[in-house]
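Data first, discussion second: the structure below is written as structure tokens.
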Amino acid sequence: MTLKKNILALRQKKAIVEKGGGEKAIQKQMAMGKMTARDRILALLDAGSFHEYDMFVEHEERNFGMEGKELAGDGVITGTGTISGAPVCIYAQDFTVMGGSLGLKHARKITKIMDHALRMKMPCIGINDSGGARIQEGIGALAGYGEIFYRNTLASGVIPQISVILGPCAGGAVYSPALTDFVFVVENISKMFITGPNVIETVLGEKISQEDLGGARVHAEITGNAHFYAQSELECFQQIKDLIDMIPHSNQVKAKRITPKKPKFSKKIDDIIPADPKQPYDVRDVILALVDDSKFLEVHELWAANIVIGFGRLSGETVGFVANQPLYLAGVLDCDASDKAARFIRFCDAFNIPIITLEDMPGYLPGVDQEHAGVIRHGAKMLYAYSEATVPKITVILRKAYGGGYIAMNSRHLGADFMMAWPSAEIAVMGPEGAANIIFRKEIMEAEDEDAMRQQKVKEYVEKFANPFVAASKGYIDAVIEPSETLDMLLHALEVSQNKDDYRPAKKHGIPPF
Amino acid sequence: MPIDNPEYVDFAVTARKYKTLLTKKYMNRKIWNNPSPFEIQSIIPGTVLSIFVKEGQIIKEGEPLLILEAMKMQNRIQMPFTARIKKINVKIGVKIPKDELMIELEEVIE
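The listed protein sequences derive, respectively, from chains A and B.
Mind the numbering: the first sequence is residues 57 to 570 in the working numbering, read in order.
Mind the numbering: the second sequence is residues 4 to 113 in the working numbering, read in order.
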């Protein structure tokens, strides 16, 4: 009987914190089309699985009228729970509490749950919805951000880190998501920028809306800061669940294995690729024809669409795909595509996910803008990432593999374990037209009919070199296979590389060109 | 995202043209213009605080042309080489974007 009073008092205390910034602020949050922080956590996690930590943490600021000001949970909810039964750490900034502003204690709640995630080896999910640093706390807020970035970096490559942008995320706050592995954004809700529209207009006179400057679409399509783009918060949560289901939950465990399912893609794999190397197709159809249940979780769908990356399962096991996309920009490599693929390859390698590369690319994108944007430096990231990776690396050359792109797309020379080519593959130093123009320059120039001679020489080059057999004769390609044999060959390759052990010289760390 | 009725364009990579779609970013890319030494452009957006020269004047290399205030810094824009001021395209107090043609020069023929 004696405890009843205490229990009731506790319940009362909890109820106050659970109301966040209060009814009015919650109404305002909902009027902006946003869920509350608590509802977000409950919607994302398995029902009844959420356990909150640090509910009664209070800020310690005494200046600028902050003394005696009570902020529920100091503006952030933290805790653990499960997604499809798998434990995760989670935090959600509560915009109804002083705009979700980040003070030192708010940050310390976050770093505590991050430390927990790292120690217990589980994914850490952060839901960002914050006006930024709590100005009243001054440098304390900056310290808080710094401590979060430090942990993001330590946890990188050990546990998957996921950032969900469900509101403003501006100034220094953007750098935690940028350091994490996957960033999720939602149309009309997510806003990310270093300096907002007001500052930009005052300083530079450039007028731009928040949405146009750093809205969901901008980051999903232009900057590449966001990996997943959704129309609603609920769609976004489903994407997170799909990702959590697909990837390993630390670098010491494998991804969940599911019962293998046959691909259910309707088109026959032999019929996907046009024989004419100049004609486009959607390389995702090839992936769908291979993966279990034809389920492919594409990452960075909208950004650098000329390369496709994402996860799928082969016979129940998670693999990563990197595929040139002839549908966009003819599937060339450029700054963004190299950047996109390189980071993905490094994620797969860190988490022991085998990488399957599907190659059909005509070369690098020509242009002053590309050269000046540093395509040399960005392109080098991809060479580095493939060469560095020690997971099983399998390449299937579908059609074109020309020049530097042939080397970059996980060639034998960068340490590929298995190189396969379809009979449609063209492995050559460059496209036949370009090569013929150089090799037979004299013959073409001296001919009576230059065009006819050029056509003839191009044809000769195509017949001799635009095929997989020159590379196969040198042992650069292990097997030339029919498209319909691809899945069997991939499964076989994965099976025989179960115990892959790849030597790398001991070092503190390499210095990738980023 | 599946594409309905795609409209492919010809896209040249080295000596061959491919049928493909373009990305928004590619279409919005900046087209390179060889900069003329006779065109003084803003290298940063800002506000013109003062202009020291007039059209028709011959100005010596290194002499100040105008002050462009940007990011709270007053940047003194100098004459790159001795030439005549052909045209001044900016006014005092006006905010200008990056790469704006501020002053046009012409060669002094003696």
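For each residue, glycine too, the CB sits at the ideal point set by N, CA and C.
Below-8 Å beta-carbon distance, residue i vs any chain A residue
i     : result
B:V16 : yes
B:L25 : yes
B:K57 : no
B:K28 : yes
B:P48 : yes
Partners in chain A for residue i, counting only beta-carbon separations shorter than 7 Å
i     : result
B:K22 : K334, Q335 and P336
B:K98 : G261
B:K33 : D425
Below-8 Å beta-carbon distance, residue i vs any chain B residue
i      : result
A:V347 : no
A:P319 : no
A:P253 : no
A:I278 : yes
A:V241 : no
A:V388 : yes
A:E489 : yes
A:N362 : yes
A:N493 : yes
A:P422 : yes
Contacts that residue i makes with chain B (C-beta to C-beta distance below 7 Å)
i      : result
A:M486 : T17
A:L385 : F14, T23, L25, T26 and Y29
For residue i, the residue or residues it bridges with in DSSP
i      : result
A:R369 : A:T374
A:H107 : A:T136
A:C180 : A:C145 and A:Q217
A:A379 : A:V364 and A:L414
A:A189 : A:L158
A:V536 : A:A477
A:P569 : A:P569 pairs with nothing; no bridge assigned.
A:P384 : Residue identity check: residue 384 of chain A is Tyr in the sequence provided, not Pro. Answer is B:L24, bridged to A:Y384.
A:P224 : A:K247
B:K98  : B:T50
B:I106 : B:I43 and B:I91
A:L389 : A:Y420
Beta-carbon neighbours of residue i, restricted to chain B and to distances below 9 Å
i      : result
A:G419 : V16 and T17
Contacts that residue i makes with chain B (C-beta to C-beta distance below 8 Å)
i      : result
A:P382 : Y21 and T23
Closer than 8 Å to chain E by CB, residue i
i      : result
A:E415 : Of the protein chains in the structure, A and B, none is chain E.
The ligand ZN heavy atom lying under 7 Å from the CB of residue i
i      : result
A:F525 : No copy of the ligand ZN appears in this structure; indeed no ligand is present at all.
Chain-ordered residues of the segment 74 to 92 of chain B with a beta carbon less than 9 Å from chain A: M74 and K75
Sequence ranges, beta strand (DSSP E) only - wholly within the segment 229 to 293 of chain A, length at least 3: 238 to 242, 247 to 249 and 284 to 286
4-residue-minimum alpha helix (DSSP H) runs that sit fully inside the segment 319 to 366 of chain A, ordered along the chain: 339 to 344
Runs of alpha helix (DSSP H) wholly within the segment 478 to 511 of chain A (minimum 4 residues, chain order): 488 to 495 and 497 to 502
Complete runs of the alpha helix (DSSP H) confined to the segment 16 to 89 of chain B [at least 4 residues]: 27 to 30
Inside the segment 398 to 477 of chain A only - alpha helix (DSSP H) runs reaching at least 4 residues: 424 to 428, 431 to 444 and 459 to 464
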